[in-house]
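**Q**
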Amino acid sequence: MSDALRQELERLRERLAAAEQALQVIREGEADAILAEGRGGCRVFTLVGADHPYRVFLEQMQEGAAALDRRGTILYANQRLAAMLGTPLEKVIGRDLEQWMPSDARSTFREWLRRALRGGARVELDLAAAGGRRVPVCLSGRSPGAGMTPALCVVVTDLSEPRQREEQLRRQTELLAQARAELERQAAELARSNAELDQFASVLAHDLREPLRAVLNYARLLVERYAGSLDDRAQRYLGRMLAGAERLDRMIEGLLEFSRVTIRGRPPAPAEAETVFAQACADLRELIERSGATVTHEPLPTVLADETQLLRVFENLLSNAIKFRGPEPPRVHVWAEPRDRQWVFAVQDNGIGIEPEERERIFAPFQRLHSGAQYPGEGLGLALARRIVERHGGRIWLESQPGRGSTFYFTLPAAGKATCERACGARAG
Ligand code: ADP
108 MSDALRQELE
118 RLRERLAAAE
128 QALQVIREGE
138 ADAILAEGRG
148 GCRVFTLVGA
158 DHPYRVFLEQ
168 MQEGAAALDR
178 RGTILYANQR
188 LAAMLGTPLE
198 KVIGRDLEQW
208 MPSDARSTFR
218 EWLRRALRGG
228 ARVELDLAAA
238 GGRRVPVCLS
248 GRSPGAGMTP
258 ALCVVVTDLS
268 EPRQREEQLR
278 RQTELLAQAR
288 AELERQAAEL
298 ARSNAELDQF
308 ASVLAHDLRE
318 PLRAVLNYAR
328 LLVERYAGSL
338 DDRAQRYLGR
348 MLAGAERLDR
358 MIEGLLEFSR
368 VTIRGRPPAP
378 AEAETVFAQA
388 CADLRELIER
398 SGATVTHEPL
408 PTVLADETQL
418 LRVFENLLSN
428 AIKFRGPEPP
438 RVHVWAEPRD
448 RQWVFAVQDN
458 GIGIEPEERE
468 RIFAPFQRLH
478 SGAQYPGEGL
488 GLALARRIVE
498 RHGGRIWLES
508 QPGRGSTFYF
518 TLPAAGKATC
528 ERACGARAG
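Sequential numbering of the sequence shown, starting at 108, is according to the numbering used here.
Here it is in structure tokens:
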């Protein structure tokens, strides 16, 4: 072979080796462009191949992205990561990512790098961005496979905003807890001062009764023993005085009972409303018979209540339903329905009804819509019922059609789970 031929062969071999090397680089994704010598000189061929859309995507995404080698050196980074690090992109590429780790996060970072190179790993830590700013991030690394380049693909998520939201939430929760504690303190304070007031009212009512008893006793003695020696007018005056004193006595008695709802009330316990209701009907038998009233009811549930106080609620609502009657004989119907973990009781009558504007007022002590001559009473029955129901955590209200009747509702906590079968099962009437 001539020297010229040998030289030509050698040149062709070198070009082949160079071409194979270039192909290898392209396959492994390490080159964005290749330089090729041609007749017209050197030409640059940009590789707009299958990975081009991915590169565009990586540049535009909101997360930081990087490709690292096995030692953690940054081979590629997108603009977003450079912004997170507070460093120009050209100063990011070629540096170790660890450079942006604060000293307290370095061992965590190295441990993450080891695990990520074995397959994949995530970690949350702070980056020390340029200017001393700390940026909380999540590093999520995945290795494309042993011996591949790059060794690790990393997505860096900025956690500043979620952390701020967490912090805000934590502060709000703290404030809420403080407000709740303050509310509980105020409720306890209110309960204490209410109990004090009740105690005071109870003592006062008790003490007032002593002199009143004396007035009553002597007035009765006068009526019994000296009625004959008094003229008509004096007798009328005496009668009115006695009636007034008796009314005052009943009012004081009512006040005493009212103030004792909280200070003498027993803790709520399972109570058979059916039995308590039967007791109320027995207590009111005379009134029921005298008025010719019909009282019907559906099966009533077991509730959590102070039995004696529940009896007073039934007695007051029943006696009102009969007392405030219309021209028809009174018809009263009682039932209960479950609602959430409570029972709603209803006492319905066909009486005179109540105007809408009076429906709140009548629950206040001594508020009556009629004179004592028309309908007897002291105006404390509903106030007492409301106090009892509220002491049990319930509510009392009414619906009414003036001239046609009223329905009083009140709620009490269920003993156990309130179920529908009990009350809805036998809607007899
Ligand atoms: P009292 O029955 O002693 O008057 P309450 O506190 O029980 O006192 O009732 C207050 C007022 O509410 C009554 O005077 C009456 O005007 C009105 N009221 C209560 N229940 C009924 C009812 N079922 N129907 C019509 N009015 C009623």
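Where is the CB? At the ideal position from N, CA and C, for every residue including glycine.
Computed from a prediction, not measured in an experiment: that's the story for all the values here.
1. Would you decide whether G331 is buried or exposed? Buried here means 16 or more other CB atoms lie within 10 Å of its CB.
2. For ligand 1, is there a heavy atom less than 7 Å away from the beta-carbon of A490?
3. If you check the beta carbons only, do I461 and S513 fall under 8 Å apart?
4. Taking the alpha-carbon positions, what's the C527 to Q293 distance?
5. Thinking just about the alpha-carbon of each residue, which of G193, R357 and N423 is nearest to the one in F515?
6. Tell me I503's beta-bridge partners as DSSP assigns them.
7. DSSP three-state label for L473, please.
8. For F384, report the span of its alpha helix (DSSP H) as first-last.
9. Looking only at DSSP bridge pairs, what is H440 linked to?
10. Inspect the CB distances between the segment 384-395 and the segment 412-422 and report whether three or more fall short of 8 Å.
11. Looking at the unbroken alpha helix (DSSP H) that takes in E197, where does it start and where does it end?
12. Apply the 10 Å Cβ neighbour rule to E405 and answer buried if 16 or more other Cβ atoms are within range, or exposed otherwise.
13. Tell me which same chain residues have a C-beta within less than 6 Å of the C-beta of M358, skipping the five on either side of it?
14. To the nearest angstrom, how far is it from the Cα of L234 to the Cα of L220?
15. Considering just the uninterrupted stretch of the beta strand (DSSP E) at T264, what are its terminal residues?
16. Could you tell me whether the segment 301-312 touches the segment 359-372, where touching means 3 or more Cβ pairs closer than 8 Å?
17. Taking 7 Å as the limit between beta carbons, can you name the residues of its chain near F307, skipping five residues before and five after?
18. Round the Cβ separation of A378 and V410 to the nearest angstrom and send it over; I've been treating them as touching at under 8 Å.
19. Anyone know if the C-beta pair for P257 and L175 falls short of 8 Å?
20. Using a Cβ-Cβ distance under 8 Å, would G399 count as near chain C?
21. Taking contact to mean at least 3 C-beta pairs separated by less than 8 Å, is the segment 318-325 in contact with the segment 447-462?
22. Is the beta carbon of L425 closer than 8 Å to that of L476?
23. Going by C-alpha distance, which of G239, G254 and A223 is nearest L246?
24. Are the segment 260-271 and the segment 331-341 touching, with three or more C-beta to C-beta distances below 8 Å?
25. For the alpha helix (DSSP H) containing R187, list its first residue and its last residue.
**A** In terms of the structure at hand:
1. Note on identity: in this sequence residue 331 is Glu, with Gly being the wrong assignment. Result: exposed.
2. yes
3. yes
4. The predicted model places C527 with a pLDDT of 45, which falls under 50 and marks its position as unreliable; any figure quoted below should be read in that light. In a straight line, the C-alpha of C527 is about 37 Å away from that of Q293.
5. Shortest Cα-Cα distance from F515 to any of G193, R357 and N423 involves N423.
6. F517
7. As written in the sequence, residue 473 is Phe, which differs from the Leu given in the question. Residue state, collapsed to three classes: coil.
8. Start and end: A380 to D390.
9. T403 and Q455, per the DSSP bridge assignment.
10. yes
11. It spans L196 to V199 - the alpha helix (DSSP H) in which E197 sits, taken as one unbroken run.
12. buried
13. The beta carbon of M358 sits closer than 6 Å to those of E485, all from its chain and outside the five residues before and after it, given in chain order.
14. 15 Å
15. L259 to D265
16. yes
17. none
18. 6 Å
19. Cβ distance < 8 Å, so P257 and L175 count as in contact.
20. Absent from the structure: chain C. Only one protein chain is present.
21. no
22. no
23. A223
24. no
25. Q186 to L192
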